[in-house]
Each structure stands twice: as C-alpha cells, then as structure tokens.
C-alpha cells in the first residue's frame, strides 16, 4: 500500500505553489497561468474578501460563475481564507 501524507486541500495548493511556481496551474482558452501568478491573484482576492466583505474561517461562500479562470481563482481564495 502506498502511504500518502495527510494534507488539506489548502495545503495541497500552497505546496504546489511552493514546488512549482513557474509551472502551469491553469490553462484557459489561450492563456497559461503559472502557480505563482495564480497565487498572486488568489491572495489578492482573499485579502479583499477578508477586509472588504468580512469573510472569516468557516463562512460559506457561493459563486455564480461559468466554468472560467475567475471561478478557479475565487475557489482557491475562499479555500485559503478557511471558508
């Protein structure tokens, strides 16, 4: 049996950003976004959600977006905020 480390989905994202900053995180239409660039957007949105919207760990968040890059950024921002 293969032993896998226990980690949260948030840990998975942060480890991927640290290990593969220049690797593609998202491919959307003709755009390739690296983990470093995506994480910059994720952290910017996370900060906005916390400061301006009062987002706190444990809060519930709903996004009404099509399958797009912005949805993925929003998803990871809320995960990183603990929501």
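Numbering (my numbering), first residue to last: 23 to 105. No residue lacks a Cβ here, since even glycine has one placed at the ideal position from N, Cα and C.
Original post:
Can you round the beta-carbon distance between residue 105 and residue 82 to whole angstroms, since I take them to be within the 8 Å contact cut?
Top reply: As a working note, residue 105 is residue 83 in the chain shown. As a working note, residue 82 is residue 60 in the chain shown. 7 Å between Cβ atoms; contact.
**OP:** Within the same chain, show all residues whose beta-carbon is closer than 8 Å to that of residue 91, passing over the 5 residues directly before and after it, in chain order.
**Re:** Locating residue 91 in the chain shown gives position 69, where the first residue counts as 1. Same-chain partners within the cutoff: 48, 50, 53, 55.
**OP:** Could you tell me the distance, in whole angstroms, from the CA atom of residue 74 to the CA atom of residue 67?
**Re:** Translated into the one-based positions of the chain shown, residue 74 becomes position 52. Translated into the one-based positions of the chain shown, residue 67 becomes position 45. In a straight line, the C-alpha of residue 74 is about 10 Å away from that of residue 67.
Subject >> Residue span of the alpha helix (DSSP H) that contains residue 71, given as start and end >> reply: The residue given as residue 71 occupies position 49 in the chain shown. Residue 71 -> alpha helix (DSSP H) spans 57 to 75.
Original post:
When you compare only the Cα positions, how much space is there between residue 62 and residue 86?
Top reply: Residue 62 sits at position 40 when you count from the first residue of the chain shown. Residue 86 sits at position 64 when you count from the first residue of the chain shown. Counting only the Cα atoms, residue 86 lies some 22 Å from residue 62.
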